[in-house]
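What follows is one structure encoded as structure tokens, with my remarks underneath.
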Amino acid sequence: MPLGSFKAGEALTVGVELELQLVNWTDFDLSASASDILHLLEGRPFPGEAKLEITESMIEIATDVHHHHEQLLGQLRSIRDALVVACDRLNVAVCGGGTHP
Numbered sequence: 036m037p038l039g040s041f042k043a044g045e046a047l048t049v050g051v052e053l054e055l056q057l058v059n060w061t062d063f064d065l066s067a068s069a070s071d072i073l074h075l076l077e078g079r080p081f082p083g084e085a086k087l088e089i090t091e092s093m094i095e096i097a098t099d100v101h102h103h104h105e106q107l108l109g110q111l112r113s114i115r116d117a118l119v120v121a122c123d124r125l126n127v128a129v130c131g132g133g134t135h136p
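To convert, take the position in the sequence shown, counting from 1, and add 35; that gives my numbering.
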């Protein structure tokens, strides 16, 4: 499979992509609720991008590209707030951290 062409970005910019696990609040097992959460986010203002990840118990969020960390942090907080509202409706929590292979 050929690799796509590399597109150089603008110098001195930063953006964030995070893969997040979805767990239920009852026993903290993984929750296959990614599609439901994304459905709740549809049609509402969402300050970034949210999409399915490898499994139904994961989503990926992404920010825009920023020139200053303050703007990035503000967008991440807004994404978090919108995601928490959607997850609360389904009794789901978000967790993430570490690295994956």
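Glycine included, each C-beta is placed from N, C-alpha and C at the ideal position.
Local conformation of residue i per DSSP, three classes
i	result
LEU76	helix
ALA121	helix
GLU52	strand
Counted within 10 angstroms of its Cβ, other Cβ atoms place residue i as buried (16 or more) or exposed
i	result
CYS130	exposed
THR48	exposed
VAL119	exposed
LEU55	buried
Extent of the continuous beta strand (DSSP E) to which residue i belongs
i	result
VAL127	127–130
ILE94	93–97
Contact belief for residue i with residue j at Cβ below 8 Å, rounded distance in angstroms
i	j	result
LEU65	SER92	4 Å
Separation of residue j from residue i, as counted between CA atoms
i	j	result
GLU105	ASP62	36 Å
SER40	GLY50	20 Å
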